[in-house]
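What follows is a set of notes on a single structure, which appears directly below.
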Amino acid sequence: MIQKLLSYLIPIKIFKKKSARSKVIEVTWTNGELVLDTENTNYSYGSLQRILRYGLRNIGYDKILEMEHILLLGVAGGSVVKTLIDEIHYKGKITGVEIDPDMIQVANEYFNLNQIEQLEIVIDDAFEFVLKTKDKYDLIIIDIFEDINMPNFLFENFFSDRVCFHLKSGGFVLFNTMILDEAHNIRNRKYISEINPKLYTSKMLPRIEVHNELIIIEKVA
Numbered sequence: 001m002i003q004k005l006l007s008y009l010i011p012i013k014i015f016k017k018k019s020a021r022s023k024v025i026e027v028t029w030t031n032g033e034l035v036l037d038t039e040n041t042n043y044s045y046g047s048l049q050r051i052l053r054y055g056l057r058n059i060g061y062d063k064i065l066e067m068e069h070i071l072l073l074g075v076a077g078g079s080v081v082k083t084l085i086d087e088i089h090y091k092g093k094i095t096g097v098e099i100d101p102d103m104i105q106v107a108n109e110y111f112n113l114n115q116i117e118q119l120e121i122v123i124d125d126a127f128e129f130v131l132k133t134k135d136k137y138d139l140i141i142i143d144i145f146e147d148i149n150m151p152n153f154l155f156e157n158f159f160s161d162r163v164c165f166h167l168k169s170g171g172f173v174l175f176n177t178m179i180l181d182e183a184h185n186i187r188n189r190k191y192i193s194e195i196n197p198k199l200y201t202s203k204m205l206p207r208i209e210v211h212n213e214l215i216i217i218e219k220v221a
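Just so we're aligned, residue 1 is where the sequence shown starts under the numbering used here, counting upward by one.
Structure, rendered in structure tokens:
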């Protein structure tokens, strides 16, 4: 494909759509691969896929292969789903929660998300979903952004406690955060400090991308 080859020289935009939730959704050929972006940041594939792959590798592919049910809060184009299935060869169930139906429509059309049998997509607000779900999960991936902003509720104790409540014993949370200024550094350190060390271990991974910091929580009790 000529667009794919040309993308090694210059990004080739092939789709752009306005969205009520995400403002603008774009699909672009970049360095030989399709990526999904919003106006100011990468949403799926590209650098984001590298970031979440790094987090999954830190948890351990061997542990992930033994998991039965993974919850993904924030689906976008589904790059982490592709990492789980195509690279790790995960065979269990994945539930993906995405608030923007336009994003899922684009993900289905350009990234074939609707062809993944073990993936269930739920169009819902992540906050509402964790209040309603009765399930327990081996891994909960939080990857929620509104362009370059992160909703405040993600860092509130109530939401954090509710997410951790839905972990099985020995389960993990992988939380992708964006750091744009010192206030965000302080926010992340505060978030980590408020996790109960009697029930959970937590750590921040060294950054591999300038503006993203991964937090991993493991339920030990």
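C-beta atoms are modelled at their ideal positions from N, C-alpha and C, and glycine is treated no differently.
Computed from a prediction, not measured in an experiment: that's the story for all the values here.
- Check the Cα spacing between residue 49 and each of 35, 23, 60: the tightest is with 35.
- In the three-state scheme derived from DSSP, where H, G and I count as helix and E and B as strand, residue 31 is classed as coil.
- With contacts defined by Cβ atoms closer than 8 angstroms, residue 73 and residue 143 form a contacting pair.
- If you check the CB distance, residue 172 and residue 139 come in under 8 angstroms.
- In the pairwise beta carbon analysis, the segment 184-200 is classified as not touching the segment 86-97: fewer than three pairs are separated by under 8 angstroms.
- Closest in C-alpha terms to residue 201, from the list 27, 145, 104, 215, comes 215.
- In this chain, the alpha helix (DSSP H) harbouring residue 193 covers 182-193.
- Under the DSSP definition of a beta bridge, residue 96 partners with 72, 121.
- Per DSSP, reduced to three states, the secondary structure at residue 15 is strand.
- Taking a cut-off of 8 angstroms for Cβ pairs, the segment 102-109 and the segment 83-90 do not touch, as fewer than three such pairs fall below it.
- Between the C-alpha atoms of residue 116 and residue 17 there is a straight-line separation of about 24 angstroms.
- Residue environment for residue 51: buried (at least 16 other C-beta atoms within 10 angstroms of its C-beta).
- Residue 120 has its alpha-carbon roughly 9 angstroms from the corresponding atom of residue 114.
- Secondary structure note for residue 146: it is in no alpha helix (DSSP H), with a DSSP letter that is neither H nor E.
- Between the alpha carbons of residue 110 and residue 168 lies a gap of roughly 34 angstroms.
- Comparing C-alpha distances from residue 83 to each of 71, 56, 108, 66 shows the shortest one belongs to 56.
- Annotated three-state conformation of residue 5 is helix, per DSSP.
- Residue 70 places its beta carbon less than 8 angstroms from that of residue 137.
- Bridge pairing for residue 212: 178, 209 [DSSP].
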